[in-house]
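In our numbering, the protein residues as written are 6 to 443.
Even for Gly, the Cβ is constructed at its ideal location relative to N, Cα and C.
Keep in mind that this is a model prediction, so the values were computed, not measured.
Shown next as structure tokens:
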């Protein structure tokens, strides 16, 4: 199977990339031409399901797509312009103008690459006006940059990296040259996408165990017989899960009363989640079976690893008495989703010897602390009371006070004052000291 690369850019640039990549047997290059950079939106959104990686002809369309949210950094790359490409363009301008150009304006190329190109000449003999930038800059601003310098008589030639800028400058009668990509730069860019594409395929083939557990009334949890109504509701739940399993090409196993494991791959689950969130499954179960459920997900490169991670997920899931989704990935990173908008990610692995020393004699787990750290970062809050912590952790105030007291013992929290409640004893206010973990 070949890695499918969508090549985006002006026609001449795309054709150059297609020609260079034609001999790379691992790739299937699919060309997408545009006249205006805004066309990038339609290209990506209409074709993303059949493309493994996007390859942009330059930084402008790449950062435009990122800024607009049409793709993520992991979904594509672009060809950076280097000093050798600029040097080639400078020599072209000297030949076509019939003289050495000493004054010119230049956009897009970074300072270090410009110095590499001009290092072949005596740099002091040249007057170079640069407009380097990171990210995306509209073509209109670059056109104005070159136009203003030329009209003031400060430059003789404009050198640009964008086709739209080059075309407009020529229309305005300004001598302009466009920097073209070198074949080596294109090959390196494609090699990078091959490596990334392989890694993505490997990751998409990961095993996933998705556990669905019914939140039963306390009497059922304590071992009393399940009422017939609940048994009928569980049958309704199974019908919903069977339909879901069919959608993700998975298999369903009942592990006990109200606990089901669904086996699938990351690729199949990710594809479904592009269409709808897992929260929609929780809502569908609640509406059609009247059963509240919580979901734990474990990712792994082996069945054993996925099972270990789904059990870690359920250790966290069972601390909630409300619908929640908790996933544990291959790096033991935990992501919690509560309701429609609240998402929290934290790491469970320790941070080395200093971390182990810190928690050696503590009566609190490192996972709890990392979770609190993530909540503090999410809420942009370092001062906290036991009441606020209880709200974050969905626990009792008594438990929150115990946790804060333990954190104080190991130096991760300090009492900095008290908060009057109007009745009863004032609450202690703690300052979280997570900088000790950095």
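Less than 7 Å between C-beta atoms, sequence neighbours within five positions excluded: which residues of the same chain meet that for residue 308? 212
Can you give the Cα-Cα distance for residue 367 and residue 411, rounded to whole angstroms? 7 Å
Which residue comes first and which comes last in the beta strand (DSSP E) that contains residue 10? 8-14
At what residue ranges does the region 240-322 contain a whole run of the beta strand (DSSP E), taking only runs of 3 or more? Runs found: 256-261, 264-270, 298-305.
Using a threshold of 7 Å, state whether the C-beta atoms of residue 179 and residue 169 are closer than that. no
Taking one C-beta from the region 19-37 and one from the region 190-205 each time, how about it: are there three or more such pairs within less than 8 Å? yes
Inspect the CB distances between the region 25-43 and the region 78-98 and report whether three or more fall short of 8 Å. No, the region 25-43 does not touch the region 78-98.
Mind checking who residue 424 pairs with in its DSSP beta bridge? 432
Can you say whether residue 301 is buried or exposed, counting buried as having 16 or more other CB atoms within 10 angstroms of its CB? Residue 301 is buried by the Cβ-count criterion.
Please name the residue in 138, 335, 243, 323 whose C-alpha comes closest to that of residue 294. Cα-wise, what sits closest to residue 294 is 243.
Return the first residue and the last residue of the beta strand (DSSP E) that residue 197 is part of. Looking at the DSSP string, residue 197 is not in any beta strand (DSSP E); the run it does join, the alpha helix (DSSP H), is 188-209.
Coarse secondary structure for residue 45, derived from DSSP in three states: helix
Please return the same chain residues whose Cβ sits closer than 8 Å to the Cβ of residue 105, not counting the five positions on each side in sequence. 99
CA-CA distance, residue 286 and residue 249? 8 Å
For residue 108: DSSP bridge partner residues: According to DSSP, residue 108 bridges with 132.
Residue 3 versus residue 317: straight-line alpha-carbon distance, rounded: No answer is possible for residue 3: the residues shown for the chain start at 6 and end at 443.
If we require 4 or more residues per run, which alpha helix (DSSP H) segments fall completely within the region 39-99? 45-52, 64-73
Residues near residue 340 by beta carbon distance below 6 Å, same chain, minus five either side: Within the same chain, residue 340 has close Cβ partners 332, 350.
Report yes if the CB atom of residue 391 is closer than 7 Å to the CB atom of residue 409, and no otherwise. In this structure, residue 391 places its C-beta atom within 7 Å of the C-beta atom of residue 409.
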